[in-house]
């Protein structure tokens, strides 16, 4: 069977690609609300607290560092470090306890390296936060390059951040896969930069209803399916 | 036996009073250096790395957040987030795993409350960091007031921070003990504010060689000895 394409490198998104960031964040926020209630947050329902918190996260972005301060304000409370820090501690403890790679990630990374593929990360966010995830996931030794938007002054879907990665790896974009879950950043960016885009399918996402430039060249349900893209049967 | 003095409240310093902050920081920094070496820090001796790091901590202060960046510079390295964040993660993991109250702290706090004493904290530092310590130590429910310098715009040895605490507790300074380990901040501040100063004796410290205003009214080797100050035999 002839190998259809020469893939020299595989680049990955981190959140919701290498681990289930969405579930983890939800669990961490629910536990934070519980701990804050235990310390005096004047609300009875954890679910209601979580909904209020999510509105704040949407308004200020996920990298804002005063979500819990704003939650207290929303509930008409004075700033109370005991309540706020109880939330922060519970949030981080939950993340630390549960952050794990999706089950097929490590075997897939090993198999890709065995095939001679270079591996890399192209991720939006703060450098310290994204590196912390890789280190806590135990994945930081697998990648030949790790490019985080804060470090290079460009973020997905801009082409530059992808180009920084392929240039460092000394591979051509058309020989490089980019795997991610988000059509707006991962797929659009990889397509614009001339990489081979691979979209991880989440529940309910209808890739087919998206504009063509946000549609991935391949879709997969789990990262191990990358191996069959490299060597189609 | 007549009770010699009426003590209505006992206030505490946190670091090196409620837990062994010095040992914990040293362990955390040693583990950080080990993790950074594993990720490529160009130095062989953990001890040497720790010495270089301590010079940086002394120069920039313990609340500065770029100690590891400066360490890389000192060793002639480029900024490398993998190495820096490996250090940060190891540092925090060590702290999280080992932060525990000194063994007699919880029984002493319970005994003091049983006697009707109000309890409080007067601490220098950043609010989030000091609250995090109390929460991780499991002590945050014991105290009627927690005053952190960042929150009140005054720090030990200034009198104001002690006065904020006694006023919130509605007690007089002369009815209030302040227990801490540092003559320059804890004892001097408590003496100036008219509180009953209690100095925790560390190895090698010669309280008797200090100026009179830095000498505590009582010295103790461990916090449980506070109970015999309250009810002398």
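Residue numbers (this note's numbering), protein chains in the order written: chain A, 1 to 233; chain B, 1001 to 1233.
Beta carbons: idealized from backbone N, C-alpha and C, even for Gly.
Residues that residue i bridges to, as DSSP identifies them
{"i": "residue 223/A", "result": "DSSP output for residue 223/A lists no bridge partner at all."}
{"i": "residue 235/A", "result": "Because residue 235/A is not part of the residues shown, which for chain A are 1 to 233, the question remains open."}
{"i": "residue 137/A", "result": "Answer is none; residue 137/A lacks a bridge partner."}
{"i": "residue 1024/B", "result": "Residue 1024/B pairs with nothing; no bridge assigned."}
{"i": "residue 147/A", "result": "122/A"}
{"i": "residue 10/A", "result": "119/A, 177/A"}
{"i": "residue 15/A", "result": "19/A"}
{"i": "residue 1218/B", "result": "1198/B"}
Identity of the residue in the options nearest residue i by Cα
{"i": "residue 160/A", "options": "186/A, 135/A, 140/A", "result": "186/A"}
{"i": "residue 1024/B", "options": "1058/B, 1111/B, 1133/B, 1011/B", "result": "1133/B"}
{"i": "residue 49/A", "options": "68/A, 62/A, 61/A", "result": "68/A"}
{"i": "residue 1090/B", "options": "1021/B, 1037/B, 1057/B", "result": "1037/B"}
{"i": "residue 1072/B", "options": "1062/B, 1063/B, 1086/B", "result": "1086/B"}
{"i": "residue 128/A", "options": "1084/B, 1044/B, 1156/B, 1117/B", "result": "1084/B"}
{"i": "residue 1138/B", "options": "33/A, 39/A, 10/A, 30/A", "result": "39/A"}
{"i": "residue 1075/B", "options": "1044/B, 1176/B, 1212/B", "result": "1044/B"}
{"i": "residue 216/A", "options": "107/A, 196/A, 51/A, 56/A", "result": "196/A"}
{"i": "residue 1224/B", "options": "1054/B, 1111/B, 1060/B, 1218/B", "result": "1111/B"}
{"i": "residue 51/A", "options": "66/A, 26/A, 42/A, 220/A", "result": "26/A"}
{"i": "residue 46/A", "options": "174/A, 94/A, 30/A", "result": "30/A"}
{"i": "residue 1117/B", "options": "1229/B, 1008/B, 1232/B", "result": "1008/B"}
{"i": "residue 92/A", "options": "35/A, 70/A, 58/A", "result": "35/A"}
{"i": "residue 33/A", "options": "113/A, 163/A, 229/A, 88/A", "result": "88/A"}
{"i": "residue 1176/B", "options": "1053/B, 1062/B, 1119/B, 1065/B", "result": "1119/B"}
{"i": "residue 1094/B", "options": "1136/B, 1208/B, 1061/B", "result": "1136/B"}
{"i": "residue 10/A", "options": "226/A, 232/A, 231/A", "result": "226/A"}
{"i": "residue 1211/B", "options": "1062/B, 1219/B, 1184/B", "result": "1184/B"}
{"i": "residue 12/A", "options": "231/A, 152/A, 144/A, 228/A", "result": "144/A"}
{"i": "residue 1130/B", "options": "1099/B, 1060/B, 1230/B", "result": "1099/B"}
{"i": "residue 41/A", "options": "57/A, 63/A, 70/A, 219/A", "result": "70/A"}
Residue i burial status per 10 Å Cβ neighbour count (16 or more: buried)
{"i": "residue 1002/B", "result": "Low local confidence applies: a pLDDT of 48 at residue 1002/B is under 50, so the model's placement there is unreliable, with the coordinate-based value given in what follows. With fewer than 16 Cβ atoms within 10 Å of its Cβ, residue 1002/B is classed as exposed."}
{"i": "residue 248/A", "result": "Residue 248/A lies beyond the range of chain A shown here (1 to 233); nothing can be said about it."}
{"i": "residue 78/A", "result": "exposed"}
{"i": "residue 22/A", "result": "exposed"}
{"i": "residue 141/A", "result": "exposed"}
{"i": "residue 1221/B", "result": "exposed"}
{"i": "residue 108/A", "result": "buried"}
{"i": "residue 156/A", "result": "buried"}
{"i": "residue 1081/B", "result": "buried"}
{"i": "residue 1206/B", "result": "exposed"}
{"i": "residue 1173/B", "result": "buried"}
{"i": "residue 66/A", "result": "exposed"}
{"i": "residue 1214/B", "result": "buried"}
Below-9 Å beta-carbon distance, residue i vs any chain C residue
{"i": "residue 113/A", "result": "Looking for chain C here will not work: the only protein chains present are A and B."}
The stretch 191-208 of chain A touching the stretch 1178-1196 of chain B, judged by at least three CB pairs closer than 8 Å = Result no; under three Cβ-Cβ pairs closer than 8 Å.
At least 3 beta-carbon pairs within less than 8 Å: the stretch 1121-1135 of chain B vs the stretch 1147-1164 of chain B = Counting Cβ pairs under 8 Å, three or more are found: they touch.
Using 8 Å as the threshold, is the stretch 1094-1113 of chain B in touch with the stretch 167-181 of chain A, meaning 3 or more CB pairs across them?
-> Not touching, per the Cβ criterion.
Stretch-stretch touch, CB-based, cutoff 8 Å, three pairs: the stretch 8-19 of chain A with the stretch 174-182 of chain A | Inter-segment contact for the stretch 8-19 of chain A and the stretch 174-182 of chain A is present: three or more beta-carbon pairs are separated by less than 8 Å.
Tell me the start and end of each unbroken beta strand (DSSP E) in the stretch 1038-1126 of chain B that is at least 3 residues and wholly inside, in chain order.
-> Within the stretch 1038-1126 of chain B, the runs of beta strand (DSSP E) that reach at least 3 residues and sit entirely inside it are, in chain order, 1118-1123.
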